[in-house]
Amino acid sequence: MAPDNVHRQAAHERQARNRWMAETDFSRAPFTIAWEITRACAFSCVHCRADAQHRRNPAELTTEEGYALIDRLTEFGSPILVFTGGDPMMRRDLFELIKYADAAGLRCSLTPTATALPTVARLRRAQQAGVRRIALSLDAPLPEVHDDFRKVAGSWERTMTILRSAKSLGISTQVNTTVTSHNVDLLPEMVTFVQEVGAVQWSVFFLVPMGRGQQLSMISPQQHEEVLVWLYELSRAGGFDVKATAAPMYRRVAAQRGAGGSAIGAGFAFHDGLDRPAQGVNDGRGFLFISHLGDVMPSGFLPIIAGNVRRDDVVDIYRNHPLFRGLRDPERLTGKCGVCEFRDVCGGQRGRAYAVTGDPFASDPACAYVPSGWTA
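Counting from 154, one number per residue, gives the positions in the sequence shown under our numbering.
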């Protein structure tokens, strides 16, 4: 294709995505879909949501079932499809699945584990198949802290090697950091490493205590608030985007500090090339999770099964299942979240509420904010 035609096609694709984003209604389509294509993983990370296993489950969705699933996901438009796990590189058909999804118009992202599998050659294959972003976990600036967290000696150095390799190939990279009481004081030291590997985004994940993550201590509500304020100030410095994952109250923090004050968007502006929405994504509201066995849930951190793609229509589940519809209805929220003036902007992290209280509509126990209309 001639260079001018390539540029025109790229511009056309950007315009199409922008129209899709402008028209996206989270009651009709998610922005992000995470597909746990396998639960197999060589690591035993102490925070693991999935209780990952060392061997693949023979009941995983097959390649053909994966293709059929991808075909249905295109009904949503062009959401981001995250190939995750476990370790997605433990599936031999990974690149075929990515290529199929990319050809179908889905925007593919990959979250490999820092093992020997993500070689330069495999990273290049992922790139050629259509991966637009890879994300790796780096939980501390010190190898000994990160390696203890991941329970694999040398995993810190391997993570840095993979990130540098991706940078050399021109693959957009994202650094994920899980915040717990073990590393909260080390977060400022992480900035240098995010910059060094040229990450376009730092996704700071606030622990949801489930799976092996139940063994860890969440930071306190006040610590959550302090970290979120610090992240907001960091985001204003530029250099890379900052995303607070499993912490929708970050949008409230930003709105309170004058980041535009929008009732929906809180003034966010992302520059990572994924056309992120102004409205807040939350479990079941802009987000959809599909397990390695085909179970459909609002997210991997809200493990309430609403159906299975082998017998149910994933599009119908997202749009019409009572659980998903309830999660998109602010009137269903209870406690502080139910009376909070920021509930449309934030809504609280539904997975954390469920993990701690057993009620997905309860208040987020990590939030320190006291709404004006709240009386305990």
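In this text, a Cβ means the ideal position worked out from N, Cα and C, and glycines have one as well.
Given the structure is predicted, the values throughout are model-derived calculations rather than measurements.
Contact set for residue i: own chain, Cβ-Cβ below 7 Å, skip 5 residues either direction
{"i": "residue 483", "result": "496, 497 and 500"}
{"i": "residue 392", "result": "348"}
{"i": "residue 261", "result": "234, 236, 251, 254, 255, 283, 284 and 285"}
{"i": "residue 249", "result": "216"}
{"i": "residue 337", "result": "372, 376 and 380"}
{"i": "residue 176", "result": "Confidence at residue 176 is low in this model, with a pLDDT of 49, below 50, so its placement is unreliable and no value can be given for it."}
{"i": "residue 244", "result": "190 and 191"}
Span separating the alpha-carbon of residue i from that of residue j
{"i": "residue 256", "j": "residue 301", "result": "40 Å"}
{"i": "residue 225", "j": "residue 180", "result": "17 Å"}
{"i": "residue 373", "j": "residue 519", "result": "7 Å"}
{"i": "residue 355", "j": "residue 319", "result": "15 Å"}
{"i": "residue 451", "j": "residue 529", "result": "29 Å"}
{"i": "residue 274", "j": "residue 236", "result": "18 Å"}
{"i": "residue 443", "j": "residue 465", "result": "12 Å"}
{"i": "residue 351", "j": "residue 277", "result": "17 Å"}
{"i": "residue 427", "j": "residue 357", "result": "Bear in mind that the predicted position of residue 427 carries a pLDDT of just 46, short of 50, making it unreliable; the figure below should be weighed with that in mind. For residue 427 and residue 357, the distance between alpha carbons rounds to 17 Å."}
{"i": "residue 188", "j": "residue 445", "result": "7 Å"}
{"i": "residue 433", "j": "residue 193", "result": "31 Å"}
{"i": "residue 272", "j": "residue 527", "result": "53 Å"}
{"i": "residue 425", "j": "residue 503", "result": "Unreliable positioning characterises residue 425 in this predicted model, as indicated by a pLDDT of 45, which lies under 50. The coordinate reading is nonetheless provided below. Cα-Cα distance, rounded: 26 Å."}
{"i": "residue 210", "j": "residue 324", "result": "30 Å"}
{"i": "residue 178", "j": "residue 306", "result": "45 Å"}
Cβ-based neighbour list, residue i, same chain, cut-off 8 Å, excluding 5 preceding and 5 following
{"i": "residue 241", "result": "190, 191, 247, 263, 264 and 265"}
{"i": "residue 310", "result": "296"}
Span of the beta strand (DSSP E), counted from its first residue to its last, around residue i
{"i": "residue 479", "result": "Run containing residue 479: none in the beta strand (DSSP E); it sits in the alpha helix (DSSP H), 475 to 480."}
{"i": "residue 409", "result": "Segment 402 to 409 is the alpha helix (DSSP H) holding residue 409; no beta strand (DSSP E) there."}
{"i": "residue 590", "result": "Limits of the chain in this structure are 154 at one end and 529 at the other, which puts residue 590 out of reach."}
{"i": "residue 237", "result": "233 to 237"}
Residue i - containing alpha helix (DSSP H), residue span
{"i": "residue 433", "result": "Element bounds for residue 433: n/a, residue is neither H nor E."}
{"i": "residue 342", "result": "340 to 349"}
{"i": "residue 450", "result": "Looking at the DSSP string, residue 450 is not in any alpha helix (DSSP H); the run it does join, the beta strand (DSSP E), is 448 to 450."}
{"i": "residue 525", "result": "Per DSSP, residue 525 belongs to no alpha helix (DSSP H) and is neither H nor E."}
Cβ distance (whole Å) where residue i is taken to contact residue j below 8 Å
{"i": "residue 283", "j": "residue 251", "result": "5 Å"}
{"i": "residue 298", "j": "residue 270", "result": "Incorrect: roughly 24 Å between the Cβ atoms, too far for contact."}
{"i": "residue 291", "j": "residue 345", "result": "With 8 Å as the limit, residue 291 and residue 345 do not qualify as a contact, their Cβ atoms being about 11 Å apart."}
{"i": "residue 259", "j": "residue 462", "result": "Residue 259 to residue 462, Cβ: 15 Å. No contact."}
Are three or more beta carbon pairs between the segment 472 to 488 and the segment 502 to 514 nearer than 8 Å?
Yes, they touch.
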